[in-house]
Structures are given as C-alpha cells and as structure tokens.
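K.L.:
Protein chains: 2
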Amino acid sequence: MGRPREFDPDQALGQALEVFWRQGYEGASLTDLTEAMGITRPSLYATFGNKEELFRKALDRYESGVMGFMAEAMLRRPAREAVAGLLYGFADAQSGQDTPAGCLGVNGALACSEASDPVRQELARRRAAVEARLGDRLRAAPAGELPPGADPDDLARYVMAVAQGMAVQAKSGAGREALRRIVATALQAWPAG
Amino acid sequence: MGRPREFDPDQALGQALEVFWRQGYEGASLTDLTEAMGITRPSLYATFGNKEELFRKALDRYESGVMGFMAEAMLRRPAREAVAGLLYGFADAQSGQDTPAGCLGVNGALACSEASDPVRQELARRRAAVEARLGDRLRAAPAGELPPGADPDDLARYVMAVAQGMAVQAKSGAGREALRRIVATALQAWPAG
DNA sequence: CCAGAACCATACCACCCGGTACGAAACCGT
DNA sequence: ACGGTTTCGTACCGGGTGGTATGGTTCTGG
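Heads up: the protein sequence lines correspond to chains A and B, in order. Read in order, the letters of the first sequence are residues 1 to 193 in this note's numbering. Read in order, the letters of the second sequence are residues 194 to 386 in this note's numbering.
Now the structure itself:
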C-alpha cells in the first residue's frame, strides 16, 4: 500500500550508470544524477541508499550488461581467440556511439580525492578479479596454445594493461578504429596467429 | 625592493607536483597544496597565479624532470631499443619508491568533473605530442627495424596504450616488478628481439 | 630614519557538495 | 469516506571548494 513510485528504478539506474560512466564517481554530483534520472534527491536515497550504493548498483549493471560479452569470449578456443575476443570486446565497449567513451571502472579508478577511497578499492578489486579469471583461463589452456615461455599471469596482466590503456585513450577521444588497431598490434605479442 | 619571500618557489613547486601526482588535479585541494608547500593561500596566488596555472607549471617540471629520460631513450637504436627504453622508463617512473604511484598525466586525464575540462584537454594534448614524437622516431627508422607490415603510428599508439595501462595498474598498487613484466610481454609484439 | 613596496596571515566571500527533516500528495484496505 | 502508509517536493543542514579583501610586517632606497 501507500503511494506508488512514479518512476522505473531500472531505467533510473540506467541513467545513473551513464552519468557515472561519463563523469566518474566523484565527478557525478547528486544534482547531475537526479536530473538525469528524473528523480528528486529523497527518492534517490529511499530507493538506492546513498551515492556509493547507487554507484555499486550501477557497477553491477555495467558488468552484467556492457561487460556481459566477457563470459562468452573467455570460452573461445584456442586461448588466443579468447584474448582477442576480450580485447576487441573492450575496444568496442569503450567506443560505443550511444555510450560514454572509456571504461566506467577505469574512469573511476584513478582520481580524485581520497574521500572516495572505498570506491577505488572496490574497483581495483573487481579489476583484479577479471585479471584472475583470465589467468585461470590461460592456465587451463592446453600446452602449446600459449606463447612459448610465457607465464599465464604475466599474459593476463599484459592484456589488462592494454585494455586499461585503451580506456585512457578512448576517454581522450580515440575512436573505435584506433582502438582496434591497438588490439591488432597487441596481439602481435601472441605468435602463431 | 620590498619584503623578500620566505620560501623557495622551486621547492614549493616540487611539493605541489607531488600532491598533484598523488591526488590528481581535482583531488588536490588548495588546503592540501598550501600545507604541503608550506605556504599560505595568498602567497600561492601571488607566485603561481591560480590552481590551474600551478598545475601547468608542475606539469612542466614533471615532463622535464621525471620524464626527462625520454629524450635519450628516443635516440637509441635500433628502434626496438628506443621503445624498450621508453617502456622500461615509464615503468620505473610510475613505481618509484619516493614518488607517488602512477603517472601525473594519466591520473589527471580521466576524472572527474567537467569543470576541469581545460586541464584534461591540456593533458590529452601533451600525451598526443609524445605519441607524435614516437611516431616520427619510428617513421625515421631504417627499413627492417620495424615489425614487418607494421604502421609506425599504430606502433606508437600501442606503446602509449601499454604505458597508460601500466599507469592505471601502478595507481592500483602494482609494483615495479609487475610493470616490468608487462613491458617484457608487450615487447613480444616486436619480433627480432 | 623614514617612505614606499612587496610579502605574510587572517578572515572572509559565494558557491557547491552529499545528505536529510518535514509537510503535502497519492494510494490501499477497511 | 477515512486512517494508515508510502512517495514526492521543497527547503534546509554543516562542511569544504577555489579565490580574495584587508591589514599588519619586513624589507630596500633615499
């Protein structure tokens, strides 16, 4: 019972995700968020808790939506195809025409003040989780699928570094074609293509 | 004539650089800056203009100091050695024990609010300048020094992406050894090593 | 020894931040 | 139609932001 809410929480969360994606965690003010979501401040707090919880929920949605391609890409074989699928997927996700440039996780990872340290640590944790998943995937690959003498964890770290570097460039204006060329060059480190 | 200032502007600028490096442009408040510099607000404004000009001066100092190794590294031959020198130099600069983790330029490049858009654009411009310099260096290399079929601009973009990716990881806690392994893996994309 | 100039320190400005108290409005069960 | 409950809208809170006005202090040139 009681007065029904006049907005769709899912759609509002989507708008919040876009604002966070474009402006980062600290760069997105409550005014920016509520205006984009079409919601008043108290409604935001009643529905999503506070700014940090709203960000975490937006992050969940980002991972399960925008980054949803990862699960499938990880399964590809041989291992080089999985890596290629991941990198090209990242490149496309960071350069979508209807989405902000760059990566939500990377954008929020660097700056700014130390007040948002919990958020930064959460983002670092999630990035580390992806890196670990990739390391597991590569470690499970049949002998011969990896570059000779390469360590799976080193490869995973390298792939993540390329992805994060692309995120920086995308945020600075690099287009999809430029990112895809980076991926193609990066894959040269993986012979037997 | 007049009362002499009681601080050394060069040393104060060095302290400001460290604060900007660690906390980013927006993350560094005037209180943080003045406390680290041992200076009052009006002294800062009288000596350096305003926060943005102070940041630009810190950036100049960063490029000529911390990034000073680039000029020498660019001259190495063959071209692969120049790239290796750059990447290992970046890795070390981003993981110094007495300096903040990560890269001043990358830290400020991503977040946060759009109020600091001029600063972001300036940083993007400087990064593009480095990329262009590297592209010129590679384009001038004798035939055969580059990977077969590789475009110099693509290579330059790739190298910058790896460097920026390392900056993200360094800011997230990656140590010097981890960064150096990324460089070693990245150089696998450049055969004939 | 004094006048003018430069610097230092305090205290303040308007503005924006994340977060909330409170009353009015809209709904449901009875 | 009415009481209870939930949401909405406004207006506000303390605190921090970048930036500055003002007055006292310390120096140099004459």
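Heads up, the beta-carbon is just placed ideally off N, CA and C, and yes, glycines get one too. These numbers were taken from a predicted model, which means no experiment stands behind them.
DSSP state of S306/B, grouped into three classes?
P.N.:
Reading the second sequence from its first residue, position 113 is the one you call residue 306/B. If DSSP states are grouped into helix, strand and coil, S306/B belongs with coil.
K.L.:
With distances taken Cα to Cα, identify the nearest neighbour of R133/A among Q188/A, D98/A, M1/A and D153/A.
P.N.:
For the purposes of this step, residue 133/A is taken as the residue at position 133 of the first sequence. If we check each option's Cα against that of R133/A, D153/A comes out closest.
K.L.:
Compute the beta-carbon to beta-carbon distance between G105/A and R127/A, rounded to the nearest angstrom, for a pair I have assumed lies under 8 Å.
P.N.:
Here residue 105/A refers to the residue found at position 105 when the first sequence is read from its first residue. Here residue 127/A refers to the residue found at position 127 when the first sequence is read from its first residue. That pair is a contact at about 6 Å.
K.L.:
Going by DSSP in three states, P202/B sits in which element: helix, strand or coil?
P.N.:
Residue numbering aside, residue 202/B sits at position 9 when the second sequence is read from its first letter. In this structure, P202/B counts as helix in the three-state DSSP scheme.
K.L.:
Comparing alpha-carbon positions, which option in L223/B, A371/B and E199/B lies nearest Q287/B?
P.N.:
For the purposes of this step, residue 287/B is taken as residue 94 along the second sequence, with counting starting at 1. Ranking L223/B, A371/B and E199/B by Cα distance to Q287/B puts A371/B first.
K.L.:
Does any C-beta atom of chain A lie closer than 8 Å to the C-beta of T378/B?
P.N.:
The residue you call residue 378/B lines up with position 185 of the second sequence. Closer than 8 Å: yes.
K.L.:
Exposed or buried, R157/A, counting other C-beta atoms within 10 Å across all chains shown (16 or more means buried)?
P.N.:
Mapped onto the first sequence, residue 157/A falls at position 157. It is buried - the Cβ of R157/A has at least 16 other Cβ atoms within 10 Å.
K.L.:
Please report the Cβ distance between A170/A and A101/A, rounded to the nearest whole angstrom; I am assuming they are in contact, meaning their Cβ atoms lie under 8 Å.
P.N.:
Residue 170/A sits at position 170 when you count from the first residue of the first sequence. Residue 101/A sits at position 101 when you count from the first residue of the first sequence. Contact holds; Cβ gap of about 5 Å.
K.L.:
Measure the C-alpha to C-alpha separation of S113/A and R332/B and round it to an integer number of angstroms.
P.N.:
One-based indexing of the first sequence puts residue 113/A at position 113. One-based indexing of the second sequence puts residue 332/B at position 139. Distance between the alpha carbons of S113/A and R332/B: 41 Å.
K.L.:
If you count every other CB in all the chains shown that lies within 10 Å of the CB of R125/A, and 16 or more means buried, which is it?
P.N.:
Here residue 125/A refers to the residue found at position 125 when the first sequence is read from its first residue. So R125/A counts as exposed.
K.L.:
Return the residues of the segment 155-171 of chain A that lie within a Cβ-Cβ distance of less than 8 Å from chain B, sorted by chain order.
P.N.:
Listed by position along the chain: L155, R157, Y158, M160, A161, V162, A163, Q164, G165, M166, A167, V168, Q169 and K171.
K.L.:
Which residues of chain A have a Cβ atom closer than 8 Å to the Cβ of P340/B, listed in chain order?
P.N.:
On the second sequence, residue 340/B is found 147 positions in, with the first residue counted as 1. Those are Q188, listed as they occur along chain A.
K.L.:
Quick one: list the residues of chain A neighbouring V276/B, beta-carbon separation under 7 Å, in chain order.
P.N.:
In the second sequence, counting from the first residue as 1, residue 276/B sits at position 83. The premise fails here: V276/B is roughly 12 Å from chain A at the closest Cβ pair, so nothing lies under 7 Å.
K.L.:
Tell me which residue opens and which closes the alpha helix (DSSP H) that T292/B is part of.
P.N.:
Locating residue 292/B in the second sequence gives position 99, counting from the first residue. Counting along the chain, T292/B falls outside any alpha helix (DSSP H), and DSSP gives it neither H nor E.
K.L.:
How is the alpha helix (DSSP H) around Y218/B delimited, first residue to last?
P.N.:
The sequence position of residue 218/B within the second sequence is 25, counting from 1. Segment: none, Y218/B is in no alpha helix (DSSP H) and carries neither H nor E.
K.L.:
Since A382/B and M166/A are thought to touch, with beta carbons under 8 Å apart, how far apart are those beta carbons, to the nearest angstrom?
P.N.:
Residue 382/B sits at position 189 when you count from the first residue of the second sequence. Residue 166/A sits at position 166 when you count from the first residue of the first sequence. That pair is no contact at about 15 Å.
K.L.:
Enumerated in chain order, which unbroken segments of the alpha helix (DSSP H) with a length of 4 residues or greater are wholly contained in the segment 227-273 of chain B?
P.N.:
DSSP runs (the alpha helix (DSSP H)) wholly in the segment 227-273 of chain B: 234-241, 244-257 and 262-268.
K.L.:
Between I182/A and chain B, is any beta-carbon pair separated by less than 8 Å?
P.N.:
Within the first sequence, the letter at position 182 stands for residue 182/A. By this cut-off, I182/A is an interface position.
K.L.:
Between L106/A and chain B, is any beta-carbon pair separated by less than 8 Å?
P.N.:
Numbered from its first residue, the first sequence carries residue 106/A at position 106. For clarity, residue 106/A is Val in the given sequence; the question names Leu instead. Output row for V106/A: interface = yes.
K.L.:
Which whole-angstrom value is the C-beta distance of L303/B and A356/B, which I expect to be below 8 Å?
P.N.:
As a first step, residue 303/B must be located in the second sequence, where it is residue number 110. As a first step, residue 356/B must be located in the second sequence, where it is residue number 163. With 8 Å as the limit, L303/B and A356/B do not qualify as a contact, their Cβ atoms being about 15 Å apart.
K.L.:
Just reading off the alpha helix (DSSP H) that P345/B is part of, what are its end residues?
P.N.:
If you number the second sequence from 1, residue 345/B lands on position 152. Per DSSP, P345/B belongs to the alpha helix (DSSP H) from P345 to K364.
K.L.:
Q208/B and A229/B look like a contact to me (Cβ under 8 Å); what is the Cβ gap, rounded to whole Å?
P.N.:
Taking the first residue of the second sequence as 1, we reach residue 208/B at position 15. Taking the first residue of the second sequence as 1, we reach residue 229/B at position 36. With 8 Å as the limit, Q208/B and A229/B qualify as a contact, their Cβ atoms being about 5 Å apart.
K.L.:
Please list, in chain order, all residues of the same chain as T240/B whose beta carbon is under 6 Å from its beta carbon, the five residues on each side excluded.
P.N.:
Working through the second sequence from its first residue, we reach residue 240/B at position 47. Counting only Cβ-Cβ distances below 6 Å, and skipping sequence neighbours, we find P202.
K.L.:
Tell me whether P209/A sits in a helix, a strand or coil according to DSSP, three-state version.
P.N.:
Any property of residue 209/A remains undetermined from this structure, which presents chain A solely from 1 to 193.
K.L.:
Just to make sure I have the definition right: I need the residues of chain A whose C-beta is within less than 7 Å of the C-beta of S306/B. Which are they?
P.N.:
The count along the second sequence starts at 1 and reaches residue 306/B at position 113. Q23 and G27, listed in chain order.
K.L.:
Look up T370/B in the DSSP assignment and say whether it is helix, strand or coil.
P.N.:
Locating residue 370/B in the second sequence gives position 177, where the first residue counts as 1. The question names Thr, but residue 370/B is Glu in the sequence shown. Helix at E370/B.
K.L.:
For E26/A, is the classification buried or exposed, using 16 other Cβ atoms within 10 angstroms of its Cβ as the cut-off for buried?
P.N.:
Here the question's residue 26/A lines up with position 26 in the first sequence. E26/A is buried by the Cβ-count criterion.
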